[in-house]
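Engineer: In this note's numbering, the protein residues as written are 299 to 430.
Have a look at this one before I ask anything.
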Amino acid sequence: MAIAGITSMASSGSSQFQVNATLTEVTEIRAAVDSWAGANSDVTGVSLTEICQEGYGYSKATWCSSNQFGGTYTVTANTNTSFVDILIGDVDPEVTMALGNKLAPVSADRCSRADGSCATVQVSGTDVTVTM
């Protein structure tokens with residue numbers, strides 16, 4: 299019984315580490331978008347492939363190939379082309395809302411939570427999308 303409890307606590311701690319590490323990676327992805335765009339605020343044409351090219355400073359970033367949950371990131375220009383949409387795929391369903399809530403304050407709308415009133419963070423199944 300004690301071993302099961304310890305295993306459960308370790309699993310929970312690992313998931314929270316993944317959530318926090320994802321927040322860091324998403325912040326780096328936004329910085330990579332800025333490096334790619336330069337002085338131009340229009341990010342039309344941006345993608346993960348574009349920002350992970352050698353020369354922008356992030357070609358060796360682990361997030362270029364996978365996210366903390368074993369899925370991938372997708373980066374696209376938002377309809378407001380000064381913003382970028384970052385989709386985090388295959389997130390552990392146990393922490394999708396926790397991740398959304400961590401991303402909400404750094405999203406374009408600076409929301410307090412990833413609830414129905416926050417248009418810049420969407421949680422759908424195992425995908426979380428943030429607009430930055």
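Heads up, the beta-carbon is just placed ideally off N, CA and C, and yes, glycines get one too.
Which whole runs of the beta strand (DSSP E) in the stretch 401 to 427 are 3 residues long or more, in chain order?
Structural biologist: 419 to 422, all fully within the stretch 401 to 427.
Engineer: I need the DSSP call for T325, collapsed to helix, strand or coil.
Structural biologist: Note: T325 maps to helix in three-state DSSP.
Engineer: Could you check the C-alpha separation between T347 and S339 for me, to the nearest Å?
Structural biologist: One C-alpha to the other measures close to 19 Å.
Engineer: What is the rounded straight-line gap between the Cα of L401 and the Cα of V389?
Structural biologist: When rounded, the distance between both Cα atoms is 13 Å.
Engineer: Based on the DSSP secondary-structure assignment, which residues constitute the bridge partners of L274?
Structural biologist: Only positions 299 to 430 of the chain appear in the structure, and residue 274 is not among them; the question remains open.
Engineer: Return yes when the Cβ of T370 is within less than 8 Å of the Cβ of S364, no when it is not.
Structural biologist: Going by C-beta atoms, S364 is nearer than 8 Å to T370.
Engineer: Using the beta-carbon count (16 or more within 10 Å), is G407 buried or exposed?
Structural biologist: Going by the sequence as given, residue 407 is Asp instead of Gly. So D407 counts as exposed.
Engineer: Is F315 buried or exposed, if buried means 16 or more other CB atoms sit within 10 Å of its CB?
Structural biologist: Exposed, because fewer than 16 other Cβ atoms sit within 10 Å of the Cβ of F315.
Engineer: Please report how far the alpha carbon of T427 lies from the alpha carbon of G311, in whole angstroms.
Structural biologist: Rounded to whole angstroms, T427 to G311 spans 23 Å at the Cα level.
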